[in-house]
Amino acid sequence: MPSAPQWMDQEDHTLSMAIVTHSLNPTIGTDQKSETLYNKIYADYLSKHPVPARKAAPKEQQPDTTPLAQRKLTAVISRVRLIQRVLTRFAPYYRKAASAKVSGANESDVLSAAITDFDTNVSSETIHVRTCWRILGLHPKWRGMGEDKELTASLEAQRRRKRAERDNDAEDSQGQVALIDHKRPKGEKAAKAAAHKGVN
1 MPSAPQWMDQ EDHTLSMAIV THSLNPTIGT DQKSETLYNK IYADYLSKHP
51 VPARKAAPKE QQPDTTPLAQ RKLTAVISRV RLIQRVLTRF APYYRKAASA
101 KVSGANESDV LSAAITDFDT NVSSETIHVR TCWRILGLHP KWRGMGEDKE
151 LTASLEAQRR RKRAERDNDA EDSQGQVALI DHKRPKGEKA AKAAAHKGVN
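Okay, so the sequence shown: first residue is 1 according to UniProt numbering, each after it adds one.
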């Protein structure tokens, strides 16, 4: 059985637009069954990629590289899930590239840097990340994705490192652990009384 043709950039674009249209629709929202959602996405896909007329070709001829457009519903569902999964993994790389943005860099430069970093570190599944991210990345679902885990973990690691360095410096300077004398802060009434005594 011959393998299905590669997914084209236009197909990923169509599926991304269908995801936005049907799953992020403010009127309908996500209050729909997955079967209904995928049927709507598939209908959009078929409307944009109609079935081409098949020509009888000799067997020696190279296989056609254009998409069949007669992809089955299961193939489209699988592709939509793959797009969502890859973009979920890509989101932290985009945020990292955006936070390291140099002066004069535009959105395209940030996206290119994020894609390069993503491809070298993670990507094993192929989708057209640039096309899909330009459509879906604007939505809150992917803008905040991974923020808590990635950002919090890196900030916590930095805090621990600084704390360890500070503790090591205190030990080195005195040969033992420095005991810091923490005085209990004054209460509200004591602070007012001290301020009143100082005024008179």
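Note that the Cβ used here is the ideal one computed from N, Cα and C, for glycine as well.
Nothing here was measured: the structure is a model prediction, and the numbers come from that model.
If we call anything under 8 Å between Cβ atoms a contact, is ALA113 one with ALA97? yes
Per DSSP, what kind of secondary structure is PRO5 in: helix, strand or coil? For PRO5, the three-state secondary structure derived from DSSP is coil.
Taking the straight line between their C-alpha atoms, what separation do you get for HIS13 and ALA43? 15 Å
How many Å lie between LEU46 and GLN70 at the Cα? Just so you know, the alpha carbons of LEU46 and GLN70 end up roughly 8 Å apart.
Range of the contiguous alpha helix (DSSP H) that encloses PRO92: 73-99
Would you kindly work out how many angstroms separate the C-alpha atoms of SER3 and LYS33, rounded to a whole number? Between the alpha carbons of SER3 and LYS33 lies a gap of roughly 30 Å.
Can you find the residues in the same chain that come closer than 7 Å, C-beta to C-beta, to ARG79, ignoring five residues on each side of it along the sequence? TRP7 and LEU15
Nearest neighbour of LEU37, chosen from HIS49, LYS141, VAL76 and LYS48 [CA to CA]: VAL76
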